[in-house]
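Please read the structure below before turning to the comments.
Residue numbers (our numbering), protein chains in the order written: chain G, 571 to 910; chain W, 154 to 407.
Put into structure tokens, the structure is as follows:
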């Protein structure tokens, strides 16, 4: 892995400083009613701004502020063939897959910093045993877990065991109509999965969530899914469609509209792990200048060592200003915005 | 039923006088507190508390305000108190402070509440804090229907929320621990704002000139904690917020 890279595009410039200063001072100056007080007040505000900007203090980086989400793409393989997704087209070989033990080591190392561990894919439940092993360890470490699944492999035994750990299960549903469902999944799985969703609702209660991907193709269906969830009191989240290597679906918003959405991108909270153990700070890292190469691999490196590297810090800094359409993804949104 | 928790680290005669002034205002509340817990954080200066109905808890070693508040919360929860309210020894409560804070918490829309804080002094530096909203809460934008965070000097929580989200005792001083607890709390609950719950905070400036170094030290202290907060709370720290000051304290949507 090469550590040689350039990051000029994302470096804060002198103009950034001016912009930041004026952004602080202008609204403050407007608050000062007495014109005689404007100058001394602005001078004091400038001092405060300067202290926050330049005063050097040691960072107390202790663990325990649960501000990070560990997202594990446990596999690329999937038993559905959704045209919205191209991840299933690139299943990893058995030799490439990270051993579950290595991921558990990573989870143990990070657990005090995590507010959540999320399993995604591909289809995570192709590796049901591994999912339950992670769920059990996360429960022991008091880290809430979310598993995102297409629902095909869930069964009563899995649900009961999963429920005993108190974790959340998210099932992807883009339609509640048989023909549309089968079209969106690329497999005739409607009659297999729908009863399982109802079973999951019965067993997991409010620990079951539904997520839909909104695109031009699914827009009318997603509205029905939302209504279906509302009737059954299932929390629902809508995620904007993103192009991840497939062009069969079209987004309802342009890239520019997604970029202009004022919701902040919260991707910097994420620690993302690929099926082979590669670590990135965002699954869409290839779009970020200087972040194309993974930060490291937990198969043979310690996760703390990876995250503490200079490169990791600089990639994280670049992500402060990357402002790409992928900020509309659920994983990059502030948690308060999800599942209502 | 509400309990007041006051962490106290008394280092000087000025601190002692502030504490007694606060306890005077506590006694004058139109709605008395069920319990008042004064948690002494191993203060280097000895002092007496002549006020009745104050549970004076003396910690054996100094552990910071977060630990002191958690100690008070544990006692309040053990007593079955519904709401725990927090202030600092250098504050003065309006006589209706408890009534207003408890009323808002009692309505059930919010699990935590913050009030309106004004500076006690009359110097230019105090005026700055008033306009800046240094120790006032912050609105969560764009709606201004709830708070992004509220400093712990004018703050209250339902007991169950305080139990679920204790202060992080690794914050060694009174800086950042309140932001941290609010950001964690907001992952599950909402913080309401009660403009009628007024208190005054004494920054301790004798004059604008002699208080200037104290003013700089205050912001240096806050900066020292903000680095830790940014590391730990990259998500919620990014939510847009706006300091509350007298000009925006009344919001029509609240």
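Each residue gets a CB set at the ideal place from its N, CA and C atoms; glycine is no exception. Just so you know, these numbers come straight off a predicted model, no measurement behind them.
Please identify the residue among the options whose C-alpha is closest to the C-alpha of residue i.
| i | options | result |
| --- | --- | --- |
| residue 753 (chain G) | G:653, G:700, G:664 and G:847 | G:653 |
| residue 876 (chain G) | G:669, G:614 and G:680 | G:680 |
| residue 763 (chain G) | G:691, G:747 and G:777 | G:747 |
| residue 345 (chain W) | W:284, W:333 and W:293 | W:293 |
| residue 243 (chain W) | W:187, W:176, W:232 and W:296 | W:176 |
| residue 588 (chain G) | G:616, G:601 and G:602 | G:616 |
| residue 776 (chain G) | G:821, G:792 and G:729 | G:729 |
| residue 723 (chain G) | G:736, G:737, G:854 and G:742 | G:742 |
| residue 856 (chain G) | G:896, G:678, G:808 and G:712 | G:896 |
| residue 689 (chain G) | G:705, G:682 and G:858 | G:705 |
| residue 851 (chain G) | G:641, G:590, G:602 and G:597 | G:641 |
| residue 360 (chain W) | W:252, W:402, W:343 and W:281 | W:281 |
| residue 372 (chain W) | G:618, G:593 and G:612 | G:618 |
| residue 183 (chain W) | W:193, W:252, W:230 and W:398 | W:252 |
| residue 842 (chain G) | G:902, G:788 and G:614 | G:902 |
| residue 356 (chain W) | W:171, W:156 and W:163 | W:171 |
| residue 650 (chain G) | G:720, G:810 and G:677 | G:720 |
| residue 161 (chain W) | W:223, W:155 and W:186 | W:223 |
| residue 797 (chain G) | G:836, G:745 and G:701 | G:745 |
| residue 358 (chain W) | W:159, W:157, W:167 and W:158 | W:167 |
| residue 401 (chain W) | W:308, W:269 and W:350 | W:269 |
Counting only beta-carbon atoms, is residue i nearer than 9 angstroms to chain G?
| i | result |
| --- | --- |
| residue 376 (chain W) | yes |
| residue 259 (chain W) | no |
| residue 346 (chain W) | no |
| residue 368 (chain W) | yes |
| residue 284 (chain W) | yes |
| residue 281 (chain W) | yes |
| residue 356 (chain W) | no |
| residue 398 (chain W) | yes |
| residue 205 (chain W) | no |
| residue 360 (chain W) | no |
So is the beta-carbon of residue i under 8 angstroms away from any non-hydrogen atom of the ligand PLP?
| i | result |
| --- | --- |
| residue 743 (chain G) | With respect to the ligand PLP, the structure shown offers nothing to examine, as it has no ligands at all. |
In or out: residue i buried (at least 16 other Cβ within 10 Å) or exposed?
| i | result |
| --- | --- |
| residue 631 (chain G) | Low per-residue confidence applies at residue 631 (chain G): pLDDT is 47, beneath 50, and the placement is therefore not dependable, though the value from the model is reported in the following sentence. Burial call: exposed. |
| residue 609 (chain G) | exposed |
| residue 299 (chain W) | buried |
| residue 339 (chain W) | buried |
| residue 210 (chain W) | buried |
| residue 780 (chain G) | buried |
| residue 263 (chain W) | buried |
| residue 206 (chain W) | exposed |
| residue 658 (chain G) | buried |
| residue 827 (chain G) | exposed |
| residue 839 (chain G) | buried |
Step through the CB atoms of chain W and report whether any lies within less than 9 angstroms of the CB of residue i.
| i | result |
| --- | --- |
| residue 561 (chain G) | Absent from the model: residue 561 (chain G). The displayed extent of chain G is 571 to 910, so no value can be given. |
| residue 584 (chain G) | no |
| residue 685 (chain G) | yes |
| residue 610 (chain G) | yes |
| residue 621 (chain G) | yes |
| residue 865 (chain G) | no |
| residue 576 (chain G) | Unreliable placement is indicated for residue 576 (chain G), whose pLDDT of 36 sits below 50; no coordinate value is reported for it. |
| residue 677 (chain G) | no |
| residue 920 (chain G) | Chain G is shown from 571 up to 910; residue 920 (chain G) falls before or after that span and cannot be answered. |
| residue 592 (chain G) | no |
| residue 681 (chain G) | no |
| residue 607 (chain G) | yes |
| residue 625 (chain G) | yes |
Determine, using beta carbons only, whether residue i comes closer than 9 angstroms to chain C.
| i | result |
| --- | --- |
| residue 601 (chain G) | Structure shown: chain C not included; protein chains present are G and W. |
Would the stretch 268-286 of chain W count as touching the stretch 310-319 of chain W if we require 3 or more Cβ pairs under 8 angstroms? Touching, no, given that fewer than three Cβ pairs across the two stretches are closer than 8 angstroms.
The stretch 880-887 of chain G / the stretch 764-782 of chain G touching (three or more Cβ pairs under 8 angstroms): In this structure the stretch 880-887 of chain G does not lie against the stretch 764-782 of chain G, because fewer than three pairs of beta carbons, one per stretch, are closer than 8 angstroms.
Would you call the stretch 855-870 of chain G and the stretch 786-805 of chain G touching, i.e. three or more CB-CB distances under 8 angstroms? Short answer: they don't touch.
Three-pair Cβ contact test at 8 angstroms for the stretch 319-337 of chain W versus the stretch 215-229 of chain W: Contact between the stretch 319-337 of chain W and the stretch 215-229 of chain W is established, with three or more Cβ pairs separated by less than 8 angstroms.
Within 9 angstroms of chain G by C-beta, residues of the stretch 332-346 of chain W in sequence order: Hits within the stretch, in order: 333, 336, 337, 339 and 340.
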